[in-house]
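Notes follow once the structure below has been shown.
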Amino acid sequence: MKLYIAPRAPNPRRVLMFLVEKGIDWVEQVPVDLTNNEHKSDAFRAINPMARVPALELEDGRALTETRAICTYLEGLAPEPNLMGATSDERAFIEMADRRIEWYLYQAIANCVRHTHPGLAALEQPQFPEFGQSQGQKVREVAHWLDQELSKQPFIGGERFTIADITAFCALEFARGLMKFNPAKEDMPHLQAYRDRIAERPSARC
């Protein structure tokens, strides 16, 4: 199998963290140069017509795209350690936590960065700076809520590390690098402590 990724991009990083947490080291990694629009080439569009990474090319030639779908497939291949829920009840609540982070935190961060950062202008045309700035405010609103949640529980989904924590950490690192978002400086001590704790995991070094 081949995993198409892009250095520093948060969605591929989510899958890479998932692989490390699972101990999966037999998936070939293929870098895609976003800066030079390699993801928009005919060759890559044959793998993913949406022209986005990550994409997982299976041994039978099919391509699986979308981060969570790729992780679901990998969870089936390597069920332990479990990251997506061991029972239907647990799976539902972990998915809820993961989707909350993905839709309300990560997407707002991505929109803010894509529409305000000059370095992303080539990838996001046209840019709408006012929209990006409003999304940056929404990031803070969700982050404050998350800070309160983490004052009551150690992980995003509850008492153990799951895929929701991978999504949250990659989102926070994306915001830290390109939004200069620092929870400790914005009165979110629990979120900062959480980020620092996850950063100590081997998978966070991807």
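Residue numbers (the numbering used here): 4 to 209.
Glycine included, each C-beta is placed from N, C-alpha and C at the ideal position.
As the structure is a computational prediction, the values presented were derived from the model and not from experiment.
Original post:
Around the C-beta of Tyr-109, are 16 or more other C-beta atoms found within 10 angstroms, so that it is buried, or is it exposed?
Top reply: Against the sequence shown, residue 109 aligns to sequence position 106. Tyr-109 comes out buried.
Original post:
Bridge partners of Pro-34, per DSSP?
Top reply: Here residue 34 refers to the residue found at position 31 when the sequence shown is read from its first residue. Partner(s): Ile-8.
Subject >> Length of the line joining the Cα atoms of Pro-121 and Lys-141 >> reply: The residue labelled residue 121 in the question sits at position 118 within the sequence shown. The residue labelled residue 141 in the question sits at position 138 within the sequence shown. If you take the alpha carbons of Pro-121 and Lys-141, they lie about 20 Å apart.
Original post:
Whose C-alpha, out of Ile-73, Ala-196 and Pro-129, is nearest the C-alpha of Leu-153?
Top reply: Translated into positions along the sequence shown, residue 153 becomes position 150. When each option's Cα is compared against that of Leu-153, the closest is Ala-196.
**OP:** Keeping to the same chain, check which residues put their C-beta closer than 8 Å to that of Gly-88; ignore five residues upstream and five downstream.
**Re:** Start at 1 with the first residue of the sequence shown, and residue 88 comes out as number 85. Contacts found: Arg-94, Ala-95, Phe-96, Ile-97, Glu-98 and Thr-165.
Original post:
Roughly how far, in whole angstroms, is the beta-carbon of Glu-60 from the beta-carbon of Lys-25, given that I think they are within contact range, below 8 Å?
Top reply: Taking the sequence shown and counting its residues from 1, the one referred to as residue 60 is at position 57. Taking the sequence shown and counting its residues from 1, the one referred to as residue 25 is at position 22. Their Cβ separation, rounded to whole angstroms, is 18 Å, which puts Glu-60 and Lys-25 out of contact at 8 Å.
Original post:
Can we count Pro-15 as close to the ligand FMN, meaning its CB is less than 7 Å from some heavy atom?
Top reply: Absent from the structure shown: the ligand FMN. Ligands present: none.
Subject >> Residue from Pro-82, Ala-54, Ala-81 and Glu-62 with nearest C-alpha to Glu-69 >> reply: As a working mapping, residue 69 is identified with position 66 in the sequence shown. Of Pro-82, Ala-54, Ala-81 and Glu-62, the residue nearest in Cα terms is Ala-54.
Original post:
Per DSSP, what kind of secondary structure is Glu-127 in: helix, strand or coil?
Top reply: As a position in the sequence shown, residue 127 is number 124, starting the count at 1. Three-state DSSP puts Glu-127 in coil, outside helix and strand.
Subject >> For Thr-170 and Leu-77, the rounded distance between their alpha carbons >> reply: Working through the sequence shown from its first residue, we reach residue 77 at position 74. Working through the sequence shown from its first residue, we reach residue 170 at position 167. Taking the straight line from one Cα to the other gives about 16 Å.
Original post:
In chain order, what residues of the same chain lie with their CB nearer than 6 Å to the CB of Phe-134, ignoring the 5 residues before and after it?
Top reply: The residue you call residue 134 lines up with position 131 of the sequence shown. Closer than 6 Å at the Cβ level, and outside the excluded window around Phe-134, lie His-118.
Original post:
Three-state secondary structure (DSSP) at Glu-189?
Top reply: Residue numbering aside, residue 189 sits at position 186 when the sequence shown is read from its first letter. Three-state DSSP puts Glu-189 in a helix.
**OP:** Using a threshold of 8 Å, state whether the C-beta atoms of Cys-209 and Arg-16 are closer than that.
**Re:** Along the sequence shown, one-based indexing puts residue 209 at 206. Along the sequence shown, one-based indexing puts residue 16 at 13. For Cys-209 and Arg-16, yes; Cβs fall inside 8 Å.
Original post:
Would you report the Cα separation of Ser-44 and Leu-37, rounded to the nearest angstrom?
Top reply: If you number the sequence shown from 1, residue 44 lands on position 41. If you number the sequence shown from 1, residue 37 lands on position 34. Going by the C-alpha atoms only, they are around 10 Å apart.
Original post:
Which stretch, first to last residue, makes up the alpha helix (DSSP H) that contains Glu-60?
Top reply: Position 57 of the sequence shown, counted from the start, is the residue given in the question as residue 60. Counting along the chain, Glu-60 falls outside any alpha helix (DSSP H), though it belongs to the beta strand (DSSP E) covering 58-60.
**OP:** Rounded to whole angstroms, what's the CA-CA distance from Leu-67 to Ala-125? Just pull it up for me.
**Re:** Position 64 of the sequence shown, counted from the start, is the residue given in the question as residue 67. Position 122 of the sequence shown, counted from the start, is the residue given in the question as residue 125. Going from the Cα of Leu-67 to the Cα of Ala-125 covers about 26 Å.
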